[in-house]
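The numbering used here numbers the first residue of the sequence shown as 3 and each following residue consecutively. The beta carbon of each residue, even a glycine, is placed where N, CA and C say it ideally should be. Here's the structure we're looking at; comments come further down.
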Amino acid sequence: MMILVGTASWADKNLIDSGLFYPAHVKTPSDRLGFYAGQFPLVEVDSSYYALLSERNAALWVERTPPGFLFDVKSFRLFTQHQTPPNVLPADIRAALGPVGKKNVYYRDLPEELRGELWLRFRSALKPLKEASKLGVVLFQFPPWFVYRRSNFEHIAVCAQLMEGFRIAVEFRHRSWFEDKHCEETLEFERSRGLTHVVVDEPQGFANSIPSIWEITSSEIAVVRLHGRNREAWNQKGFESSTDRFNYLYSADELRDLADSIQKLGARTRETHVLFNNNFGNFAQRNAADLQHLLVKH
Numbered sequence: 003m004m005i006l007v008g009t010a011s012w013a014d015k016n017l018i019d020s021g022l023f024y025p026a027h028v029k030t031p032s033d034r035l036g037f038y039a040g041q042f043p044l045v046e047v048d049s050s051y052y053a054l055l056s057e058r059n060a061a062l063w064v065e066r067t068p069p070g071f072l073f074d075v076k077s078f079r080l081f082t083q084h085q086t087p088p089n090v091l092p093a094d095i096r097a098a099l100g101p102v103g104k105k106n107v108y109y110r111d112l113p114e115e116l117r118g119e120l121w122l123r124f125r126s127a128l129k130p131l132k133e134a135s136k137l138g139v140v141l142f143q144f145p146p147w148f149v150y151r152r153s154n155f156e157h158i159a160v161c162a163q164l165m166e167g168f169r170i171a172v173e174f175r176h177r178s179w180f181e182d183k184h185c186e187e188t189l190e191f192e193r194s195r196g197l198t199h200v201v202v203d204e205p206q207g208f209a210n211s212i213p214s215i216w217e218i219t220s221s222e223i224a225v226v227r228l229h230g231r232n233r234e235a236w237n238q239k240g241f242e243s244s245t246d247r248f249n250y251l252y253s254a255d256e257l258r259d260l261a262d263s264i265q266k267l268g269a270r271t272r273e274t275h276v277l278f279n280n281n282f283g284n285f286a287q288r289n290a291a292d293l294q295h296l297l298v299k300h
């Protein structure tokens with residue numbers, strides 16, 4: 003049983019500006035990654051959601067981290083049917099797409115050949131990590147409007163097919179996927195395709211909240227993502243920074259309960275990734291360090 007704990011990003015502006023994690027002499031991106039990798043064995047790459055990852059950056063991350071360190075990489079937003087500003091697409095893709103008369107484009111708006119080229123570049127950028135055995139999972143986090151629907155099952159199946167050879171984790175953000183009989187159908191769909199169900203901990207009682215389903219769909223790997231429990235901020239608008247939504251520090255008692263659930267989950271699969279996404283200040287790093295200590299004690 004191998005349980006790896008980390009945080010969702012090592013380079014959040016909010017984290018750096020807080021001055022609460024990196025020592026004063028750690029100033030450059032390479033130094034920050036090196037320092038982070040000395041504290042944790044795992045990190046999630048969030049920047050790949052906003053724009054395509056470059057193969058060069060992936061190769062640099064390989065060089066700057068020790069053997070055994072792993073990166074979980076978030077899928078590019080277009081693939082998960084999020085709204086995508088055209089200016090984040092590669093220049094040649096934008097040119098081939100032609101004039102766009104709206105603020106955002108979606109997956110369905112791009113011709114099949116351009117979508118295919120984006121998938122090809124996304125896979126190619128992951129190669130340095132994969133070849134160095136430093137790629138954990140590729141996380142497909144679908145938006146709240148991606149609800150339980152046959153066509154959405156079909157889209158996930160297409161994503162899995164196009165990412166064959168990579169370990170894929172799926173996180174939903176609408177409760178319809180786990181309501182009543184849908185729950186077992188969703189889990190069985192993931193099992194049948196070798197997809198990893200992402201266990202989440204997050205505020206409850208909203209359409210864009212899903213319950214903590216402590217189940218595995220892959221004997222190879224499990225993924226747990228911890229978003230905090232700040233109900234008041236979960237759907238609040240007008241924040242200066244998205245990190246305000248995750249302003250939550252897990253208590254010692256909450257971490258002990260989570261450690262117990264994570265241990266039980268980890269006993270049923272070869273590898274478990276636990277990622278704190280309560281990225282307000284240094285909350286994620288504090289909680290990740292505390293959970294590591296708890297897991298060692300167990």
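Query raised in the report: Quick one: is GLU186 buried, meaning 16 or more other Cβ sit within 10 Å of its Cβ, or exposed?
Result: One-based indexing of the sequence shown puts residue 186 at position 184. It counts as exposed.
Query raised in the report: So what does ILE218 bridge to, in DSSP terms?
Result: Taking the first residue of the sequence shown as 1, we reach residue 218 at position 216. ILE218 is not bridged to any residue.
Query raised in the report: Cα separation between ILE95 and VAL45?
Result: On the sequence shown, position 93 is the one that residue 95 refers to. On the sequence shown, position 43 is the one that residue 45 refers to. Using only the alpha carbons, I get a separation of about 30 angstroms.
Requested in this report: Give a yes or no on whether the C-beta atoms belonging to ALA269 and MET3 are separated by under 8 angstroms.
Outcome: As a position in the sequence shown, residue 269 is number 267, starting the count at 1. As a position in the sequence shown, residue 3 is number 1, starting the count at 1. Yes. Within cutoff.
Requested in this report: Starting from ARG227, follow the beta strand (DSSP E) in both directions and report where the run begins and ends.
Outcome: Against the sequence shown, residue 227 aligns to sequence position 225. Note, ARG227: beta strand (DSSP E), 223-228.
Query raised in the report: How close, in whole Å, do the beta carbons of ILE170 and THR198 come, if the pair is a contact with beta carbons under 8 angstroms?
Result: In the sequence shown, the residue the question calls residue 170 occupies position 168. In the sequence shown, the residue the question calls residue 198 occupies position 196. Correct: roughly 7 angstroms between the Cβ atoms.
Query raised in the report: Are the beta-carbon atoms of ASN280 and HIS229 separated by less than 8 angstroms?
Result: Taking the sequence shown and counting its residues from 1, the one referred to as residue 280 is at position 278. Taking the sequence shown and counting its residues from 1, the one referred to as residue 229 is at position 227. In this structure, the beta-carbon distance from ASN280 to HIS229 falls below 8 angstroms.
Query raised in the report: In three-state DSSP terms, what is VAL200?
Result: Counting from 1 along the sequence shown, the entry for residue 200 is found at position 198. Strand.
Query raised in the report: Hey, would you say TYR250 sits closer than 8 angstroms to ASN237, going by beta carbons?
Result: The residue labelled residue 250 in the question sits at position 248 within the sequence shown. The residue labelled residue 237 in the question sits at position 235 within the sequence shown. In this structure, ASN237 does not lie closer than 8 angstroms to TYR250 by Cβ.
Query raised in the report: Using the beta-carbon count (16 or more within 10 Å), is ALA224 buried or exposed?
Result: Here residue 224 corresponds to residue number 222 of the sequence shown, with the count starting at 1. It counts as buried.
Query raised in the report: Going by the beta-carbon positions, is the gap between ALA10 and LEU55 smaller than 8 angstroms?
Result: Here residue 10 refers to the residue found at position 8 of the sequence shown. Here residue 55 refers to the residue found at position 53 of the sequence shown. No.
Requested in this report: List the residues that DSSP assigns as beta-bridge partners of GLU86.
Outcome: Residue 86 sits at position 84 when you count from the first residue of the sequence shown. According to the sequence as given, residue 86 is Thr; it is not Glu. According to DSSP, THR86 bridges with VAL107.
**Report entry** Whole-Å CB distance - HIS303 paired with PRO146, under 8 angstroms assumed
**Finding:** Residue 303 lies beyond the range of the chain shown here (3 to 300); nothing can be said about it.
Query raised in the report: Does the Cβ-Cβ distance between GLY138 and LEU72 come in under 8 angstroms?
Result: By 1-based counting over the sequence shown, the position of residue 138 is 136. By 1-based counting over the sequence shown, the position of residue 72 is 70. The answer is yes: Cβ separation under 8 angstroms.
Query raised in the report: Among all the DSSP beta bridges, which residues are the ones paired with ILE5?
Result: The count along the sequence shown starts at 1 and reaches residue 5 at position 3. According to DSSP, ILE5 bridges with THR274.
Query - Exposure label - GLU173; buried when at least 16 CB within 10 Å - result: To locate residue 173, count along the sequence shown from 1; it is residue 171. Residue environment for GLU173: buried (at least 16 other C-beta atoms within 10 angstroms of its C-beta).
Requested in this report: Check the DSSP bridge columns for GLN143 and list the partner residues they point to.
Outcome: As a first step, residue 143 is located in the sequence shown; it is residue number 141 there, counting from the start. For GLN143, the beta-bridge partners assigned by DSSP are GLU173.
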